[in-house]
């Protein structure tokens, strides 16, 4: 109990404050986007949202999911032979030619940086044999890995289909997952890449205006934009300032400029109101005589002015609440106390008997050695005495 009280004092004194997922986005922020979310990338905390679980059409931000799926499940050095179907893809392309052989890694660059729809089809056919099978596998992958619940991918590029939908929250979860991969992070932040193929030689450019620097913003680390008429303008952006990483997603924005305005407003809101806090790995917590520890760093973000309380449950769950409202839960690891080794009675008796026998043998041995020493001493004494007697004769 003393330990628990001590932890409470520390947390309170540090103003360990956390914002709930039910933020007042509509009241505090003026967003043009029909759906939007701001997520802290380490903890997954939702700092602001607007219709974040409403099903929307993602357009080309779909390619975030495609890219990380391929990076983690494909061999990027493999050569892919481009099919006729891939060359017939609508929209933005990297002008792949039928029969051309391109490495899988290069196709991922063409997909993510220049938004090549033809690269997406070529990737899907190579990975799973068809666009449909690839999309099915990709959806299931992110349901398991990222915890998405309201998404169905029907293609790898985001061209409109009634059965191709997601939510702002699911996209943020996918991006959070992707940002844990260094290869993805590097590609996601690229402004341009040299491109040489059978049909052309050029430099392909990232279309995200904040990544390119056309709309300056301190700390932008990556982004992907999208548009089809049914989806409106879609935008996913990541940024880092003072050790805090944020993910902003805006969906179905009427104008391109407004999608960037909303993104800047979301990021400003996060960086101005929150700061990160980490409970270091191995921190000890006590409750009712039980000890628990965290096996990894636990990251939060907190907002000034909110009073946070923590409680350790009997099952080792660390519960963070703000005025009785649940903010965050972490499962801690139980620290088992070492118990003395217990032996069965017959084992104890046998060991005692063995100890007794060993002691008897030890005493006998000592007695024999002592007797021999005494005998030797007597013999030496008698021999010496005889010599003295011989001298006086």
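Numbering (UniProt numbering), first residue to last: 1 to 393.
For each residue, glycine too, the CB sits at the ideal point set by N, CA and C.
Own chain, CB closer than 6 Å to residue i, minus 5 neighbours either side, in chain order
{"i": "residue 316", "result": "292, 332 and 334"}
{"i": "residue 110", "result": "94, 116 and 119"}
{"i": "residue 34", "result": "252"}
{"i": "residue 258", "result": "32"}
{"i": "residue 388", "result": "The predicted position of residue 388 is uncertain, since its pLDDT is 49 and thus under 50; no value can be drawn from it."}
{"i": "residue 17", "result": "Residue placement at residue 17 is poorly supported in this model, since its pLDDT is 35, which falls under 50; the coordinates are not used for a value here."}
{"i": "residue 195", "result": "202 and 204"}
{"i": "residue 112", "result": "63, 67 and 187"}
{"i": "residue 7", "result": "Only weak support exists for where residue 7 lies, its pLDDT of 41 falling under 50; the coordinates are left without a value."}
Distance between beta carbons of residue j and residue i, contact taken as under 8 Å
{"i": "residue 277", "j": "residue 301", "result": "7 Å"}
{"i": "residue 297", "j": "residue 281", "result": "5 Å"}
{"i": "residue 269", "j": "residue 48", "result": "6 Å"}
{"i": "residue 114", "j": "residue 247", "result": "Not confirmed; about 22 Å, so no contact."}
For residue i, the nearest candidate out of the options (CA to CA)
{"i": "residue 100", "options": "92, 171 and 83", "result": "83"}
{"i": "residue 186", "options": "144, 211, 289 and 44", "result": "211"}
{"i": "residue 303", "options": "50, 32, 45 and 35", "result": "45"}
{"i": "residue 240", "options": "33, 40 and 34", "result": "40"}
{"i": "residue 183", "options": "68, 29, 307 and 382", "result": "68"}
{"i": "residue 50", "options": "36, 251 and 43", "result": "36"}
{"i": "residue 256", "options": "139, 207 and 217", "result": "207"}
{"i": "residue 313", "options": "306, 289, 307 and 295", "result": "289"}
{"i": "residue 213", "options": "192, 70, 201 and 202", "result": "192"}
{"i": "residue 71", "options": "131, 144 and 138", "result": "138"}
{"i": "residue 145", "options": "267, 73, 310 and 366", "result": "73"}
{"i": "residue 141", "options": "66, 380 and 75", "result": "66"}
{"i": "residue 128", "options": "143, 75, 147 and 202", "result": "75"}
{"i": "residue 299", "options": "311, 310 and 279", "result": "279"}
Beta-carbon contacts of residue i that lie in its chain and below 8 Å, excluding the five residues immediately before and after
{"i": "residue 78", "result": "103, 104 and 126"}
{"i": "residue 329", "result": "317, 318, 319 and 320"}
{"i": "residue 254", "result": "32, 232 and 233"}
{"i": "residue 97", "result": "82, 87, 197, 198 and 199"}
{"i": "residue 265", "result": "29, 30 and 31"}
{"i": "residue 245", "result": "40, 41, 42, 179, 221, 238 and 239"}
{"i": "residue 274", "result": "19, 40, 47, 244, 301, 302 and 303"}
{"i": "residue 134", "result": "123, 124, 125, 127, 128 and 156"}
{"i": "residue 217", "result": "210, 239, 264 and 267"}
{"i": "residue 132", "result": "154"}
Cβ-based neighbour list, residue i, same chain, cut-off 7 Å, excluding 5 preceding and 5 following
{"i": "residue 64", "result": "174, 175, 178, 224 and 236"}
{"i": "residue 355", "result": "With a pLDDT of only 49 at residue 355, under 50, the local geometry of the prediction cannot be trusted, and no value is derived from it."}
{"i": "residue 209", "result": "215 and 260"}
{"i": "residue 53", "result": "150, 167 and 169"}
{"i": "residue 219", "result": "239, 240 and 241"}
{"i": "residue 171", "result": "58, 61, 236 and 249"}
{"i": "residue 345", "result": "Since pLDDT at residue 345 reaches only 44, below the 50 mark, its modelled position is unreliable, and no value is offered."}
{"i": "residue 107", "result": "80, 119, 122 and 123"}
{"i": "residue 189", "result": "211, 221 and 222"}
{"i": "residue 347", "result": "Annotation note: pLDDT 44 at residue 347 (below 50); position unreliable, coordinate value reported separately. For residue 347, where only same-chain residues beyond five positions count, there are no Cβ hits under 7 Å."}
{"i": "residue 91", "result": "117 and 159"}
{"i": "residue 283", "result": "293 and 294"}
{"i": "residue 230", "result": "57 and 160"}
{"i": "residue 147", "result": "173"}
{"i": "residue 382", "result": "none"}
Cβ of residue i within 7 Å of any chain D Cβ
{"i": "residue 371", "result": "Of the chains in the structure shown, none is chain D; there is only one protein chain."}
Could you name each continuous alpha helix (DSSP H) segment of 4 residues or more that falls completely within the segment 228 to 277, going from the start of the chain to the end? Those alpha helix (DSSP H) runs which fall completely within the segment 228 to 277 and span 4+ residues are 256 to 273.
If we count Cβ pairs, one from each stretch, closer than 8 Å, do we get three or more for the segment 214 to 229 versus the segment 138 to 155? With a cut-off of 8 Å, the segment 138 to 155 and the segment 214 to 229 do not count as touching, because too few Cβ pairs lie within range.
Contact between the segment 168 to 180 and the segment 79 to 87 (3+ Cβ pairs under 8 Å): Segments in contact, no.
Measuring CB atoms only, is the segment 119 to 130 touching the segment 153 to 173, in the sense that at least three cross pairs come out at less than 8 Å? Yes: at least three Cβ pairs fall under 8 Å.
Stretch-stretch touch, CB-based, cutoff 8 Å, three pairs: the segment 161 to 169 with the segment 53 to 60: Contact between the segment 161 to 169 and the segment 53 to 60 is present, because at least three Cβ pairs lie under 8 Å.
Quick check on the DSSP output: what are the complete alpha helix (DSSP H) runs of length 4 or more inside the segment 114 to 200, in order along the chain? Those alpha helix (DSSP H) runs which fall completely within the segment 114 to 200 and span 4+ residues are 117 to 128, 131 to 145, 168 to 178 and 182 to 188.
Go through the segment 30 to 77 residue by residue and report every complete run of the alpha helix (DSSP H) that reaches 4 residues or more, in order. List check, alpha helix (DSSP H) in window: 62 to 73.
Residue ranges of each alpha helix (DSSP H) run of no fewer than 4 residues wholly in the segment 77 to 105, ordered along the chain? Listed in chain order, they are 84 to 87.
For the segment 200 to 230, list the beta strand (DSSP E) runs that are entirely contained and at least 3 residues long, ordered along the chain. Counting only runs that start and end inside the segment 200 to 230, the beta strand (DSSP E) elements of at least 3 residues fall at 201 to 205 and 220 to 228.
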